[in-house]
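Undergrad: The structure that follows is given in the form of structure tokens.
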Amino acid sequence: MFENIIKNVHNRHPLIHCITNYVSINDCANIVLACGGAPIMAEDINEVSQITSICQGLDINIGMLNDNKLSSMLKAGATANELGIPVILDPVGAGSSDYRIKAVQNLMSNVQFGVIRGNVSEIKAIAEKQGIHNIAAGVYETMQKNKSAMGVEAGIADKITDDNIKEMADFINKLSQKTGAVIAVTGGIDMVADENRVYAIRNGHKMMSLVTGAGCQLSALTSAYVAADKEHILESVCAAVSVMGISGELAYRRMAEVDGNASYRNYIIDAVYNMTDETLKELGRIERI
Amino acid sequence: MFENIIKNVHNRHPLIHCITNYVSINDCANIVLACGGAPIMAEDINEVSQITSICQGLDINIGMLNDNKLSSMLKAGATANELGIPVILDPVGAGSSDYRIKAVQNLMSNVQFGVIRGNVSEIKAIAEKQGIHNIAAGVYETMQKNKSAMGVEAGIADKITDDNIKEMADFINKLSQKTGAVIAVTGGIDMVADENRVYAIRNGHKMMSLVTGAGCQLSALTSAYVAADKEHILESVCAAVSVMGISGELAYRRMAEVDGNASYRNYIIDAVYNMTDETLKELGRIERI
Amino acid sequence: MFENIIKNVHNRHPLIHCITNYVSINDCANIVLACGGAPIMAEDINEVSQITSICQGLDINIGMLNDNKLSSMLKAGATANELGIPVILDPVGAGSSDYRIKAVQNLMSNVQFGVIRGNVSEIKAIAEKQGIHNIAAGVYETMQKNKSAMGVEAGIADKITDDNIKEMADFINKLSQKTGAVIAVTGGIDMVADENRVYAIRNGHKMMSLVTGAGCQLSALTSAYVAADKEHILESVCAAVSVMGISGELAYRRMAEVDGNASYRNYIIDAVYNMTDETLKELGRIERI
């Protein structure tokens with residue numbers, strides 16, 4: 008299923024148009040380069056359509072959103088849909104403000120996303136607006152209780168564990184059916200679903216939550232993987248999620264006693280740079296559930 | 008006075024709303040995570056008030072300012088004041104343009120800041136507008152002469168030394184009385200004052216001035232420390248300033264011959280990540296004057 | 008020709024006003040500090056003129072451009088021209104959108120640039136609009152064929168080699184005569200020309216193309232070098248290009264097996280920080296052609 012997927016990204020060298028936040032924009036560009044793609048950042052309404060049209064993937068990330076960027080996202084998204092270019096949505100902090108959740112609704116009404124990737128609270132916020140908040144109510148309640156402790160980095164209170172994995176599988180599977188997008192939810196155990204299949208990915212390290220924009224980086228990486236093989240979106244997303252997790256594991260092994268989250272940030276991208284199909288095969292913990 | 012202050016930030020895990028410049032925004036987010044807090048960056052007028060309301064601290068940094076951001080800062084500041092959330096002001100480059108100093112006046116007229124942290128030239132620029140520029144005139148004159156050599160990184164010509172420390176103590180103490188904010192001025196010897204007390208902090212390394220946004224990072228760090236214990240703002244600011252300085256010292260010790268300011272930048276954040284109350288106690292050089 | 012050029016930048020400590028993109032803005036600031044300069048980032052129309060007037064150099068980079076930034080660039084450029092402050096243009100992605108190439112034409116019509124630095128496709132895009140696209144037609148055709156694979160990082164398909172070096176020399180020499188700016192084109196063999204002289208610089212490492220914004224960083228570095236000695240722009244640009252290339256070489260030598268493009272990014276800036284006139288003399292491969 009994942010034969011040569013890493014090599015393929017390096018060979019195809021997909022160009023990825025990113026409209027993203029400024030916190031992690033540099034890391035997003037470097038991780039796309041690390042995996043074999045090439046990033047181009049452009050967000051002015053006057054050029055986004057043309058930029059998207061020369062790319063193989065479009066990564067839309069709503070961190071630090073404003074109305075100008077939203078208009079550009081809508082325009083770039085329309086172009087991508089017309090040309091059959093896969094579009095990835097990262098609904099950063101969707102649950103943190105009414106403005107962001109309304110923007111997500113606007114985006115989802117007007118753009119067909121190939122992939123939606125977020126943490127549990129972000130994906131829940133989206134699901135609620137899609138009318139499927141009753142699914143996995145137990146998980147949802149836990150989240151509500153811990154909401155005040157979350158922020159955009161989150162994932163601390165709101166993890167997927169073996170206790171709620173079945174509910175989550177059902178939940179994101181239904182969300183995929185509703186949205187037509189592959190859903191990737193990360194935090195603890197990561198999960199990926201399309202309309203028919205659900206995968207659990209048990210890679211990653213808890214220290215990744217102490218690197219700002221690790222989720223944004225994963226979305227950018229996912230965009231490159233999906234762009235390199237748009238006929239196999241589910242597989243590409245699973246591979247990207249696993250590669251990011253393995254990179255977090257390998258990066259942690261490298262940590263010296265004096266290292267902290269700044270060095271760790273670099274080590275993760277370094278590990279993506281050095282990733283091979285052999286390493287993915289050896290360390291990837293992807294299973295269908 | 009500083010018992011368990013580091014541990015407290017990790018335990019409270021304060022969520023910090025940062026409205027800041029794009030040069031150091033990634034480092035600011037990572038340093039907040041390093042010390043045990045969580046950052047959330049949002050600057051659109053449509054969401055800042057709501058974002059502030061779910062946070063425990065607000066960090067306002069005027070680097071790369073524009074009118075939209077200024078409006079958002081005013082709105083977020085008003086919300087923070089209403090809810091009793093401490094607000095930190097970093098008047099980056101306040102002395103470099105009329106636009107910035109006017110913005111600072113506007114902010115100070117409309118928002119009650121808990122802390123104002125800047126380098127000597129920035130704090131002087133503020134003081135001048137508060138009508139207390141006659142204080143510490145000797146220090147001020149030195150600054151004027153060296154103004155052309157300064158920029159936002161500065162601190163080179165405009166240091167606090169044992170020769171001017173008494174004047175500076177008097178000066179920032181008066182500025183605190185005038186503004187109601189704890190004043191932290193950094194560069195050479197760092198100083199922190201509230202209306203009654205003044206502290207000198209002799210930590211840090213001169214190489215820190217070669218890391219862009221080291222001051223911005225300190226302000227973000229300070230926001231997390233203050234948010235974690237808003238009943239003890241002066242102590243929290245002193246601790247944050249000392250922690251940053253100690254981190255600069257420890258980071259310098261790690262430097263290999265081929266390392267430069269890019270690795271040093273990472274090592275500083277790494278040191279904040281590894282900081283303990285024991286290290287602060289052992290290496291902190293905080294004295295009341 | 009390059010005697011003490013590194014030392015000179017450290018001694019003069021030029022203040023550089025950068026109006027640049029947010030992908031590489033942090034790296035641009037740190038590389039300016041690394042070489043002995045000081046950066047100040049400001050882009051609001053209300054302050055750019057005043058900021059430029061206290062600086063010794065102005066770096067204009069059109070990545071992530073929008074109309075507000077363009078207006079500010081024009082205003083800052085006019086101030087710089089009035090005051091005799093050298094202005095560097097980095098036409099990032101000029102060939103990727105009509106919006107950017109029009110912006111470049113607008114900038115070139117209204118601002119006299121001291122230096123224009125870009126990769127082959129960017130410099131070609133400019134030349135076309137200057138009516139000299141027939142020059143070096145062979146190189147140009149190669150580029151057209153490979154256009155879809157390019158993006159802003161590029162340089163992969165569009166390198167200067169010993170096969171096309173004479174044509175390129177002629178081409179950028181003519182472009183310099185047309186524009187009055189020193190032209191620096193980077194990728195493979197780097198080349199620098201003014202109206203009379205052309206230099207080829209054979210430093211650098213192919214891995215530099217996997218660091219986002221390496222070109223932006225070079226433009227920022229070039230701004231500092233030129234600002235430190237504006238009477239010798241051609242020499243300053245050659246030195247900056249060679250220093251960046253040597254830094255890429257030295258950084259590569261440092262790479263451990265687990266390192267990737269994130270660590271490499273830091274190592275390059277570290278190498279700029281540690282650069283000496285002796286190293287430039289020993290490793291610089293600058294020859295007049």
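For the protein sequence lines, the chains are X, Z and Y, in the order given.
For reference, each letter of the first sequence is one residue, going 8 to 296 in the working numbering.
For reference, each letter of the second sequence is one residue, going 8 to 296 in the working numbering.
For reference, each letter of the third sequence is one residue, going 8 to 296 in the working numbering.
Glycine included, every Cβ here is placed at the ideal spot set by N, Cα and C.
None of the values given here were measured: they were computed from a predicted structure.
Taking one C-beta from the stretch 68 to 83 of chain X and one from the stretch 98 to 114 of chain X each time, how about it: are there three or more such pairs within less than 8 Å?
TA: Contact between the stretch 68 to 83 of chain X and the stretch 98 to 114 of chain X is present, because at least three Cβ pairs lie under 8 Å.
Undergrad: Could you spell out the range, first to last residue, of the beta strand (DSSP E) harbouring I95(Y)?
TA: Stepping through the third sequence from its first residue, residue 95(Y) is reached at position 88. It spans 94 to 97 - the beta strand (DSSP E) in which I95(Y) sits, taken as one unbroken run.
Undergrad: Give the secondary structure of L197(X) by DSSP, where H, G and I count as helix, E and B as strand, and everything else as coil.
TA: In the first sequence, counting from the first residue as 1, residue 197(X) sits at position 190. The amino acid at residue 197(X) is misidentified as Leu; the sequence shows Asp. Residue state, collapsed to three classes: strand.
Undergrad: For the structure I just gave you, are there three or more beta carbon pairs, one from the stretch 23 to 30 of chain X and one from the stretch 193 to 213 of chain X, closer than 8 Å?
TA: In short, these stretches do not touch, since the Cβ pair count stays below three.
Undergrad: Would you identify the three-state DSSP class for Y29(Y), choosing helix, strand or coil?
TA: To locate residue 29(Y), count along the third sequence from 1; it is residue 22. In the structure shown, Y29(Y) sits in coil (DSSP, three-state: anything other than H, G, I, E or B).
Undergrad: Based on the DSSP secondary-structure assignment, which residues constitute the bridge partners of A207(Y)?
TA: Here residue 207(Y) corresponds to residue number 200 of the third sequence, with the count starting at 1. A207(Y) is bridged to M198(Y), E294(Y).
Undergrad: Output needed for S60(Z): all residues of its chain with C-beta closer than 7 Å, excluding positions within five of it in sequence on either side, in chain order.
TA: The residue given as residue 60(Z) occupies position 53 in the second sequence. Closer than 7 Å at Cβ, skipping near neighbours: T86, L90.
Undergrad: Give the interface partners of N53(X) over in chain Y, defined as CB-CB distance under 7 Å, in chain order.
TA: Looking up residue 53(X) in the first sequence gives position 46. Those are Y106, listed as they occur along chain Y.
Undergrad: I'd like to check one pair, N88(Y) with N268(Z): are the Cβ atoms closer than 7 Å?
TA: Indexing the second sequence from 1 puts residue 268(Z) at position 261. Indexing the third sequence from 1 puts residue 88(Y) at position 81. No; because the gap between Cβ atoms is not below 7 Å, this pair is not in contact.
Undergrad: Closer than 8 Å is the cut-off here; do at least three beta carbon pairs connect the stretch 248 to 259 of chain X with the stretch 238 to 250 of chain Y?
TA: Touching, no, given that fewer than three Cβ pairs across the two stretches are closer than 8 Å.
Undergrad: Between I95(Y), G100(Y), L241(Y), N18(Y), which lies nearest to V55(X) when the distance is taken from Cα to Cα?
TA: As a first step, residue 55(X) is located in the first sequence; it is residue number 48 there, counting from the start. Comparing Cα-Cα distances from V55(X) to each of I95(Y), G100(Y), L241(Y), N18(Y), the minimum goes to G100(Y).
Undergrad: Within 10 Å of its beta-carbon, does T283(Z) have 16 or more other beta-carbons around it, so buried, or fewer, so exposed?
TA: Translated into the one-based positions of the second sequence, residue 283(Z) becomes position 276. It counts as exposed.
Undergrad: Taking the alpha-carbon positions, what's the A200(Y) to N15(Y) distance?
TA: Numbered from its first residue, the third sequence carries residue 200(Y) at position 193. Numbered from its first residue, the third sequence carries residue 15(Y) at position 8. Cα-Cα distance, rounded: 22 Å.
Undergrad: Leaving out the 5 sequence neighbours to the left and right, which residues in its chain are closer than 7 Å to I92(Z) when beta-carbon positions are compared?
TA: Start at 1 with the first residue of the second sequence, and residue 92(Z) comes out as number 85. Contacts found: T59, C62, Q63, G64, L65.
Undergrad: Any idea if G187(X) is buried or exposed, counting beta-carbon neighbours within 10 angstroms, 16 or more meaning buried?
TA: Locating residue 187(X) in the first sequence gives position 180, counting from the first residue. Looking at its Cβ environment, which holds fewer than 16 other Cβ atoms inside 10 Å, G187(X) is exposed.
Undergrad: Among the candidates K76(Y), N68(Y), S216(Y), whose CA atom is the shortest distance from the CA of L96(Y)?
TA: Counted from its first residue, the third sequence places residue 96(Y) at position 89. It is N68(Y).
Undergrad: Of the choices S216(X), Q119(X), A110(X), R124(X), whose alpha-carbon is the least far from that of K136(X)?
TA: Start at 1 with the first residue of the first sequence, and residue 136(X) comes out as number 129. Looking at the Cα atoms, A110(X) is the closest of the given residues.
Undergrad: With 7 Å as the threshold, decide whether the Cβ of Y232(X) is near any Cβ in chain Y.
TA: On the first sequence, residue 232(X) is found 225 positions in, with the first residue counted as 1. Y232(X) does not count as touching chain Y.
Undergrad: Check whether the stretch 268 to 279 of chain X touches the stretch 271 to 282 of chain Z, taking contact to mean three or more Cβ pairs, one atom from each stretch, closer than 8 Å.
TA: As far as the Cβ criterion goes, the stretch 268 to 279 of chain X touches the stretch 271 to 282 of chain Z, which means the pair count is three or higher.
Undergrad: Using only the alpha-carbon positions, how far apart do I293(X) and M198(X) sit?
TA: As a first step, residue 293(X) is located in the first sequence; it is residue number 286 there, counting from the start. As a first step, residue 198(X) is located in the first sequence; it is residue number 191 there, counting from the start. Cα-Cα distance, rounded: 9 Å.
Undergrad: Counting only C-beta atoms, is S78(X) closer than 7 Å to chain C at any point?
TA: You won't find chain C in this structure, because its protein chains are X, Z and Y.
Undergrad: Establish whether the CB of L40(Z) and some CB of chain X are separated by less than 7 Å.
TA: Taking the second sequence and counting its residues from 1, the one referred to as residue 40(Z) is at position 33. Yes, L40(Z) counts as interfacial toward chain X.
Undergrad: Going by CA-CA distance only, name the one from V122(X), I108(X), R295(X), P98(X) that's closest to A191(X).
TA: Taking the first residue of the first sequence as position 1, residue 191(X) is located at position 184. Residue V122(X) is the option with its Cα nearest to A191(X).
Undergrad: Which two residues bound the contiguous alpha helix (DSSP H) that contains A258(Z)?
TA: As a first step, residue 258(Z) is located in the second sequence; it is residue number 251 there, counting from the start. From DSSP, the alpha helix (DSSP H) with A258(Z) extends over 240 to 261.
Undergrad: Just the Cα atoms here: how many angstroms apart are I133(Z) and T193(Z)?
TA: Position 126 of the second sequence, counted from the start, is the residue given in the question as residue 133(Z). Position 186 of the second sequence, counted from the start, is the residue given in the question as residue 193(Z). The alpha-carbon atoms of I133(Z) and T193(Z) are separated by roughly 15 Å.
Undergrad: Counting only the same chain and skipping the five closest in sequence on each side, list residues whose C-beta sits under 7 Å from that of H20(Y).
TA: By 1-based counting over the third sequence, the position of residue 20(Y) is 13. Result list for H20(Y): G43, G44, A45, in chain order.
Undergrad: So G125(Z) packs on M48(Y), CB below 8 Å; how close in whole Å?
TA: Position 118 of the second sequence, counting from 1, holds the residue named residue 125(Z). Position 41 of the third sequence, counting from 1, holds the residue named residue 48(Y). Wrong, their Cβ atoms sit about 17 Å apart, outside the cutoff.
Undergrad: Give the C-beta separation of Q184(X) and C35(X) to the nearest angstrom, bearing in mind that I take them to be a contact with Cβ-Cβ under 8 Å.
TA: For the purposes of this step, residue 184(X) is taken as residue 177 along the first sequence, with counting starting at 1. For the purposes of this step, residue 35(X) is taken as residue 28 along the first sequence, with counting starting at 1. Their Cβ separation, rounded to whole angstroms, is 29 Å, which puts Q184(X) and C35(X) out of contact at 8 Å.
Undergrad: Name the chain Z residues whose beta carbon is nearer than 7 Å to that of S31(X)?
TA: As a first step, residue 31(X) is located in the first sequence; it is residue number 24 there, counting from the start. Chain Z residues near S31(X): N33.
Undergrad: CA-CA distance, G220(Z) and D51(Z)?
TA: For the purposes of this step, residue 220(Z) is identified with residue 213 of the second sequence, where counting begins at 1. For the purposes of this step, residue 51(Z) is identified with residue 44 of the second sequence, where counting begins at 1. About 22 Å.
Undergrad: Is there a Cβ of chain Z sitting closer than 7 Å to that of Q151(X), yes or no?
TA: Start at 1 with the first residue of the first sequence, and residue 151(X) comes out as number 144. With a pLDDT of only 48 at Q151(X), under 50, the local geometry of the prediction cannot be trusted, and the value read off the model is given with reservation. False, the Cβ-Cβ gap to chain Z never drops below 7 Å.
Undergrad: Beta-carbon separation of L228(Z) and V189(Z) under 7 Å?
TA: For the purposes of this step, residue 228(Z) is taken as residue 221 along the second sequence, with counting starting at 1. For the purposes of this step, residue 189(Z) is taken as residue 182 along the second sequence, with counting starting at 1. Cβ atoms of L228(Z) and V189(Z): not closer than 7 Å.
Undergrad: I need the DSSP call for H20(X), collapsed to helix, strand or coil.
TA: Looking up residue 20(X) in the first sequence gives position 13. It is coil, neither helix nor strand.
Undergrad: Please classify G138(X) as buried or exposed, where buried requires at least 16 neighbouring CB atoms within 10 angstroms.
TA: The sequence position of residue 138(X) within the first sequence is 131, counting from 1. That one is exposed.
Undergrad: Out of Q119(Y), I108(Y), S104(Y), state which residue places its alpha-carbon closest to the alpha-carbon of V94(Y).
TA: On the third sequence, position 87 is the one that residue 94(Y) refers to. Checked all of Q119(Y), I108(Y), S104(Y); the closest Cα to V94(Y) is Q119(Y).
Undergrad: Relative to the C-alpha of S31(X), which candidate in E238(X), V218(X), L22(X), Y232(X) has its C-alpha closest?
TA: Your numbering for residue 31(X) matches position 24 in the first sequence. Nearest option by C-alpha distance: V218(X).
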